[in-house]
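Below is one structure; the comments refer to it alone.
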Amino acid sequence: MHLCCDEAQIQTMDEGLSQSDGIFGRCPTCEKNLGASICEMTCAPDQSRFLTPGEVLTSPYDPEVEYLNDIDYRIDDDFAKGIFDSCKGVIHPSSGHPAMDFVCGAYDFKTCDHRKWLTFLGDKENNEYVPFQITYIFDEPEEEHRLKREAKFFFRRMRHLCS
Numbered sequence: 276m277h278l279c280c281d282e283a284q285i286q287t288m289d290e291g292l293s294q295s296d297g298i299f300g301r302c303p304t305c306e307k308n309l310g311a312s313i314c315e316m317t318c319a320p321d322q323s324r325f326l327t328p329g330e331v332l333t334s335p336y337d338p339e340v341e342y343l344n345d346i347d348y349r350i351d352d353d354f355a356k357g358i359f360d361s362c363k364g365v366i367h368p369s370s371g372h373p374a375m376d377f378v379c380g381a382y383d384f385k386t387c388d389h390r391k392w393l394t395f396l397g398d399k400e401n402n403e404y405v406p407f408q409i410t411y412i413f414d415e416p417e418e419e420h421r422l423k424r425e426a427k428f429f430f431r432r433m434r435h436l437c438s
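This is the structure in structure tokens:
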């Protein structure tokens, strides 16, 4: 995989992804799928095709440092469902409950779906582990046609199921 991140960015991303070990560690495939979508969001050389940066802010600690406050992440609905499907059956090791009970915000395993899950994972206001707001935009036929005219696409790389 060709990446456009430096070593420090990859280290930071890896540290963030390690938080999912305690929840999804029983299914390396789930972790791989979720990690791949985050890695692509962070380091893909073609990320401008499926990400739109939002507001740029200046650090209150260092006026020379700017950072993104939010992004829009256009993701293929079937791809997102595939990631969710590879993770939805994982049981949280210390509780014996489905992992989705802990990572879908106000929803539990029975009412969670791929859109609710990713929406929560990107919700900076309600998820303390999100470094900035990630607004997932799932492909809809009319939206996809409009974005194709604008030469944008929805992220949809390979995913695997948990065996």
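Residue 317 in our numbering sits at position 42 of the sequence shown, and the numbers go up by one each step. C-beta atoms are modelled at their ideal positions from N, C-alpha and C, and glycine is treated no differently. None of the values given here were measured: they were computed from a predicted structure.
Check: Rounded straight-line distance, which links the Cα of F359 to that of D414; Outcome: 16 Å
Check: Member of R324, P368 and S293 whose CA lies at the smallest distance from the CA of D347; Outcome: R324
Check: Residue-chain proximity (S295, chain D), Cβ-Cβ < 8 Å; Outcome: Protein chain content of the structure displayed is limited to a single chain, and chain D is not contained in it.
Check: M433 versus C362: straight-line alpha-carbon distance, rounded; Outcome: Residue placement at M433 is poorly supported in this model, since its pLDDT is 49, which falls under 50; the coordinates still yield a value, given next. So the two alpha carbons sit approximately 15 Å from each other.
Check: Burial state of E315 (16 or more Cβ within 10 Å); Outcome: buried
Check: Cβ neighbour criterion (16 or more within 10 Å) applied to R424; Outcome: Residue placement at R424 is poorly supported in this model, since its pLDDT is 47, which falls under 50; the coordinates still yield a value, given next. With fewer than 16 Cβ atoms within 10 Å of its Cβ, R424 is classed as exposed.
Check: Residues near K399 by beta carbon distance below 7 Å, same chain, minus five either side; Outcome: V405, F407 and Q408
Check: P328, enclosing beta strand (DSSP E) - first and last residue; Outcome: L326 to P328
Check: Range covered by the beta strand (DSSP E) that runs through T304; Outcome: That residue, T304, is in no beta strand (DSSP E); its alpha helix (DSSP H) goes P303 to C318.
Check: Cβ neighbour criterion (16 or more within 10 Å) applied to G397; Outcome: buried
Check: DSSP-derived helix/strand/coil call for T386; Outcome: coil
Check: Where the beta strand (DSSP E) containing I346 begins and where it ends; Outcome: D345 to I350
Check: Residues of its chain near D352, where Cβ-Cβ distance is below 6 Å and the 5 sequence neighbours each way are ignored; Outcome: F413 and D414
Check: Own chain residues within Cβ distance below 6 Å of D388, not counting five before or after; Outcome: none
Check: Helix, strand or coil at E341 according to DSSP, with G and I counted as helix; Outcome: strand
Check: Proximity below 8 Å, CB of C318 to CB of Q284; Outcome: yes
Check: C-alpha gap between I366 and D321, whole angstroms; Outcome: 35 Å
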